[in-house]
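Okay, so the sequence shown: first residue is -19 according to the working numbering, each after it adds one.
Following: one structure in structure tokens, then a few remarks.
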Amino acid sequence: MTLASLSPQAALPSPSTAVWQLGPVPIRAYALCIIAGIVLACWVTERRLRQRGVAPGAVLDIAVWAVPAGIIGARIYHVITSPEKYFGAGGDPMKAFAIWEGGLGIWGAVAGGAVGAWIAARQLGIPFGVVADALAPGLPLAQAVGRLGNWFNNELFGGRTTLPWGLEIHRMDPDNPGHALRDDAGQPILEPGLYHPTFLYELLWNLGVVALVLIVDRRLKLGRGRAFALYVMGYTVGRFWIELMRTDEANQILGVRLNVWTAALVFLGALIYFVRVRGPRDYLIPLGPAATPTPPPTSDLSQVDLSERETPSRAAAPEGYRVVSEEQYAAWQDSGVVPPEPATDEDSRPGGEPLGDVAPVDGPSTDDEPADDSSASRADRADAAGARPADRDS
């Protein structure tokens, strides 16, 4: 009799293999799940960026920076918060680089990815708040897919349970990562009993966060990074209670898992930001040779030919972007005319009418009077308004 025969029939199974060999190349389920999540996040973010006026394909330029930085940040957070696995007694420091074996901290991933996305946004001339809000539903979707990698690795489960969705857990072979230990009959060995599938709880919760962000953002038209703050709040609430259910080893502060404290603090920070920051959603108009109205995607992104980035029609990328209101963006899409730069305080009267269009109050002007230098400077500013990249951050 094996331990597998002691488990009740009503249970969720776990894979006994998380690595497959394709010749000399190992194919790891964990890595495949991470890659699939990144692809989905890029797909969602691309669509949302284009709906706000960003040129097609910009998400690829952002991902080049954000994805590596996010993976590095995720691994650094994991190693820092679990140093005994790599630098303690019996630890192997070189294992700190073995990302394929699992161990990525979402907190470090978000922080590192944000730094990479900020760098890319600065290079592209896109306000960082626009990028963050576009990514808001794509990130929890990527996290949901990535949690399937924990299922393949038989990790991050909760305590014992008798619920019908209890999870079977294989006893994994430490000398052969990605494979379960087997008994004399060649059958994979199960840990006794069933366990809460906390990876599945978080997967489903993340899908709920995706729906929450999409619904609230559609109704309230969130901007200035508030959609991203909403995602952070939604995710950390779920992570707080799910983390309390997990039984894997973790460092603790005052008897509570470190990630529980992190979730609570990050939630408070996101809540403060969401409440204090106000302002309409930003839309962007590309400037320069590529300033041609592009209709937002209304169908599957697969119909968008990103290879056009290498064709003569897209040889020149936008020089930058003009931040405009939703009404100005809609007018630009209809007419193709870039709206004028809003008048500054010194160029306008209290009623908002440009001073340059107002006759002097002390009498009509004559042809013999010299032109006002301030009028010339205003004209110069108006001429330059169509070429100013939006290099500020929201």
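Each residue gets a CB set at the ideal place from its N, CA and C atoms; glycine is no exception.
Just so you know, these numbers come straight off a predicted model, no measurement behind them.
Where Ile42 falls, given that 16 or more other Cβ within 10 Å makes a residue buried: buried
For Ser62, count the other beta carbons within 10 Å of its own beta carbon; 16 or more makes it buried, fewer makes it exposed. Which is it? buried
Can you tell me whether Ile7 is helix, strand or coil according to DSSP? strand
How is His159 classed by DSSP in three states: helix, strand or coil? In the three-state reduction of the DSSP assignment, His159 falls in the strand class, which pools E and B.
Gly50: first and last residue of the uninterrupted alpha helix (DSSP H) it sits in: 38 to 61
Quick test of the definition: if touching needs 3 or more C-beta pairs under 8 angstroms, does the stretch 189 to 202 touch the stretch 151 to 161? no
Could you name the residues of the same chain whose beta carbon sits closer than 7 angstroms to that of Leu104, not counting the 5 residues immediately before and after it, in chain order? Contacts found: Ala38, Asp41.
Report yes if the CB atom of Asp113 is closer than 8 angstroms to the CB atom of Gly17, and no otherwise. no
Gly259 to Ala76 span [Cα, whole Å]: 43 angstroms
Since Tyr57 contacts Trp98 with CB under 8 angstroms, what's their CB separation in whole angstroms? No, Tyr57 and Trp98 are not in contact; Cβ-Cβ is about 18 angstroms, not under 8 angstroms.
Going by the CB atoms, is the gap between Ala116 and Ala207 shorter than 8 angstroms? yes
Under a three-way DSSP split, which group does Ser357 fall into? Bear in mind that a pLDDT of 47 at Ser357, under 50, signals an unreliable position, so the model cannot answer this.
Endpoints, alpha helix (DSSP H) assigned at Gly139: Here Gly139 belongs to no alpha helix (DSSP H), and DSSP marks it neither H nor E.
Does DSSP classify Asp342 as helix, strand or coil? Because the pLDDT of Asp342 is 45, which lies under 50, any placement of that residue in the model is unreliable, and the number read from its coordinates should be weighed accordingly. Asp342 falls in the coil class under three-state DSSP.
Coil, strand or helix - Ile169 by DSSP: coil
Taking Gly139 as the reference, which of Pro177, Tyr181, Ala(-2) has the closest Cα? Pro177
When we look at the beta-carbon of Gln232 and count the other beta-carbons within 10 Å, is it buried (16 or more) or exposed? Answer is exposed; the Cβ neighbour count stays below 16.
What do you get for Ala21, buried or exposed, if any count of 16 or more other CB atoms within 10 angstroms of its CB means buried? The residue is buried, with at least 16 neighbouring Cβ atoms inside 10 Å.
Is the Cβ-Cβ distance between Leu121 and Val59 less than 8 angstroms? no
Between which two residues does the beta strand (DSSP E) harbouring Val303 extend? Its beta strand (DSSP E) spans residues 300 to 304.
Just list the residues that DSSP pairs Gln376 with in beta bridges. Nothing about residue 376 can be read from this structure; the chain reaches only from -19 to 374.
From the DSSP output, which residues share a beta bridge with His150? Leu170
DSSP three-state label for Val24, please. helix
As assigned by DSSP and simplified to three states, the class of Leu264: Looking at Leu264 - three-state DSSP - the assignment turns out to be strand.
Extract the residue ranges of the beta strand (DSSP E) inside the stretch 173 to 212, only unbroken runs of 3 or more that lie entirely within it. none
Please state whether the Cβ-Cβ distance between Gly53 and Gly92 is less than 8 angstroms. yes
Does the distance from the C-beta atom of Leu(-8) to that of Gly129 stay below 8 angstroms? Contact annotation: Leu(-8) and Gly129 have beta-carbon atoms that are not nearer than 8 angstroms.
Just to confirm my understanding: we take Arg162, look at its own chain, exclude 5 residues before and 5 after, and list those with CB closer than 6 angstroms. What are they? Answer for Arg162: Pro168, listed in chain order.
Mapping DSSP to helix, strand and coil, what is Thr227? coil
Mind checking Val125: buried by the 16 CB within 10 Å criterion, or exposed? buried
Beta-ladder partner(s) of Thr(-3), from DSSP: His159
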